[in-house]
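Protein chains in written order, with the working numbering: chain X, 8 to 122; chain P, 1014 to 1125.
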């Protein structure tokens, strides 16, 4: 079982360009999340989705958008990248349906540098 | 707003000793408190979860305690080994998808 995959592994992007970070899970989890991890700040939630067709804003949503067309995929789009979006991005999923604990499964991360 | 703090950025201990990591939070108690391990260049991996009505949870050499009066969780690794060297993250789980807050982590180094 692959779990969660993310693509690309790393990317250098010019400021002002757009980019989509891809995330796919094969665990049929209902909930998916995007975090960014910066030194000294820990993991911060960008957007989340409780189920296919719904999304919500996390702690730091500005400059990012997401969609959840189906259970497995949860792409994160930067419409016009800025240097402050340089970070490591992690996608995660969890089974948060009734009776389940909210243990999160993380992907390997995408290292994004915006110049 | 809810805040979470892990006691130190880095902790160095001798192999065989018990490592103790601290996680403190402010305001109201979470439904659950989770601990994760993160190795360099990788995503976090879930280790243990403790509920607000539980005092202690164990898994092999790991032990987690949860004191809602002190608003603190302690994470212990007994008989520590160099392979336990990693960053450990605590996370408050308020019981909904949008309400999981991670600490910035403690980097643990176990020297032989």
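Where is the CB? At the ideal position from N, CA and C, for every residue including glycine. Keep in mind the model is a prediction, meaning the values are calculated, not measured.
Would you mind telling me which residues of chain X sit closer than 7 Å to residue i, beta carbon to beta carbon, in chain order?
i: residue 1021/P; result: Per Cβ cutoff of 7 Å: no residues; residue 1021/P is ~13 Å from chain X at best.
i: residue 1117/P; result: 47, 48, 49
i: residue 1027/P; result: Here the premise fails: no neighbours, minimum Cβ distance about 27 Å.
i: residue 1123/P; result: Correct list: empty, because the minimum Cβ distance to chain X is about 22 Å.
Could you tell me which of the options sits nearest to residue i, measuring between CA atoms?
i: residue 1036/P; options: 1072/P, 1028/P, 1087/P; result: 1087/P
i: residue 13/X; options: 1115/P, 1056/P, 1093/P; result: 1056/P
i: residue 45/X; options: 90/X, 36/X, 34/X, 62/X; result: 90/X
i: residue 55/X; options: 115/X, 120/X, 23/X, 97/X; result: 97/X
i: residue 67/X; options: 1076/P, 1032/P, 1112/P; result: 1112/P
i: residue 1041/P; options: 1096/P, 1070/P, 1016/P; result: 1016/P
i: residue 1083/P; options: 1095/P, 1075/P, 1065/P; result: 1065/P
Within 7 Å of any Cβ in chain X, is that where the Cβ of residue i sits?
i: residue 1057/P; result: yes
i: residue 1106/P; result: yes
Please tell me whether residue i has its Cβ less than 7 Å away from any Cβ of chain P.
i: residue 77/X; result: no
i: residue 115/X; result: yes
i: residue 97/X; result: yes
Just list the residues that DSSP pairs residue i with in beta bridges.
i: residue 1086/P; result: 1036/P, 1079/P
i: residue 18/X; result: 119/X
i: residue 1071/P; result: 1076/P
i: residue 84/X; result: 27/X, 72/X
i: residue 44/X; result: 50/X, 95/X
i: residue 1099/P; result: 1121/P
i: residue 1094/P; result: None, per the DSSP bridge assignment.
Would you mind stating whether residue i and residue j have Cβ atoms separated by less than 7 Å?
i: residue 1102/P; j: residue 1114/P; result: no
i: residue 93/X; j: residue 28/X; result: no
i: residue 1046/P; j: residue 1119/P; result: no
i: residue 20/X; j: residue 121/X; result: yes
i: residue 10/X; j: residue 81/X; result: no
i: residue 83/X; j: residue 71/X; result: yes
i: residue 99/X; j: residue 40/X; result: yes
Output, in chain order, the set of chain P residues within a Cβ distance shorter than 8 Å of residue i.
i: residue 32/X; result: Ordered by position in chain P, no residue passes the 8 Å Cβ test against residue 32/X, which lies about 12 Å from the chain.
i: residue 18/X; result: Per Cβ cutoff of 8 Å: no residues; residue 18/X is ~15 Å from chain P at best.
At 9 Å on the CB atoms, spell out the chain X contacts of residue i, in chain order.
i: residue 1102/P; result: 49, 50
i: residue 1041/P; result: Under the 9 Å cutoff, chain X gives no residues; its nearest Cβ is about 17 Å from residue 1041/P.
What in chain X is Cβ-close to residue i, meaning under 8 Å?
i: residue 1090/P; result: Per Cβ cutoff of 8 Å: no residues; residue 1090/P is ~19 Å from chain X at best.
Please list the residues of the region 43 to 55 of chain X that have a C-beta atom closer than 8 Å to any C-beta atom in chain A, keeping them in chain order.
Checking the listed chains, one finds no chain A in this structure; the protein chains it contains are X and P.
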